[in-house]
Structure formats: structure tokens, C-alpha cells
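Position in the sequence shown counted from 1, then plus 32, gives you my numbering. I have placed the structure first, in the form of C-alpha cells, so that the comments after it can refer back to it.
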Amino acid sequence: SGSAMGAYSYLSAEELKSVMSFTQSLPVAKARRAGWKVSTGDAALGEKTFARVCMGCHGENGKGNTAPAIGSSAFLDAATDEFIQATIVRGRTGTSMQHFGSASVVFGQIGPQDVLDVTAYLRSLTTQLAHNTNGGSTQ
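Structure, rendered in C-alpha cells:
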């Protein structure tokens with residue numbers, strides 16, 4: 033539960049070994065993300081993209097609405113930048129989180145820099161949360 037990976041409890045130990053053996057025999061494919069470069073995002077631009085694309089479901093400052101509170105310290109402490117970025121690009125199967133890595137009928141595509149910018153914006157919320165928790169002091 034909570035995973036896109038199916039349960040294979042119906043397979044015997046020998047059948048699982050066979051599946052694992054076959055999977056390990058497959059050739060390694062190089063991962064490729066056209067147009068993606070290691071870079072950092074701009075939190076101010078990310079805030080604008082978040083307001084346009086994400087806020088309807090994730091709420092103002094990511095506090096949650098019809099979708100999880102991705103601006104919470106619990107989420108931001110647990111999620112890596114790569115997880116956030118992959119989720120934006122690929123969506124989350126079995127949830128209402130759509131993919132934004134390619135255009136769909138309902139949602140438009142956002143580009144690689146937009147994804148980095150939204151990630152930077154979400155990370156900037158951590159500083160805001162710390163500031164608010166410490167009564168205005170970040171120490």
C-alpha cells in the first residue's frame with residue numbers, strides 16, 4: 033500500500049527469483065531528460081508558477097487544499113529535491129497529482145526551469161516556517 037509497485041505475494045520464492053534474475057539480465061539504459069541540466073531554481077519565479085499551476089490543489093504557500101500540504105515542514109524535511117521534481121514531472125499514480133512533464137488535455141506542460149523554480153520556492157518556505165516558529169528569529 034502507498035506504492036506504485038504492485039504486490040507479488042502470489043508468486044512463490046522460486047518465481048520471484050526468476051523475475052529478479054530476468055530483470056537483472058536486462059541491459060542498462062542510460063537515463064535521459066531532454067533539456068534538463070543540473071541547475072538551481074529561482075524561488076521568486078517558482079512562487080509565480082506555484083500560484084498559477086499548483087495552488088489550486090496544494091493551497092496558498094503549499095498549506096494544503098484538496099491535495100497534501102507540500103509546504104509543511106514535515107513534507108519538506110522528508111522529501112528530496114529529486115523526489116519533488118520527479119513528482120511534478122511524472123505525477124503520482126493513484127492520486128489526483130497530474131504529470132506536468134508533458135501537456136495533457138486538462139493541464140499544460142511546465143518546463144525544466146519551472147520545475148527547478150517551484151522546487152526552490154518550496155525550499156524557501158522552510159526558511160519562512162523557521163522564521164515564524166522562532167518568533168521572527170531564524171536562530
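Backbone N, C-alpha and C define an ideal beta-carbon position, used for all residues, glycine too.
Whole angstroms is fine: what's the gap from V137's alpha carbon to V121's? 16 angstroms
Within its chain, find whatever has a CB closer than 8 angstroms to the CB of L43; leave out the 5 residues flanking it on each side and keep chain order. V51
What are the start and end residues of each continuous beta strand (DSSP E) run of 3 or more residues lying completely inside the segment 69-121, in chain order? none
Buried versus exposed call for G10 [16 or more other C-beta atoms within 10 Å across all chains shown]: A query on residue 10 cannot be resolved here, the shown segment of the chain reaching from 33 to 171 and no further.
Straight-line CA distance for V147 to F82? 10 angstroms
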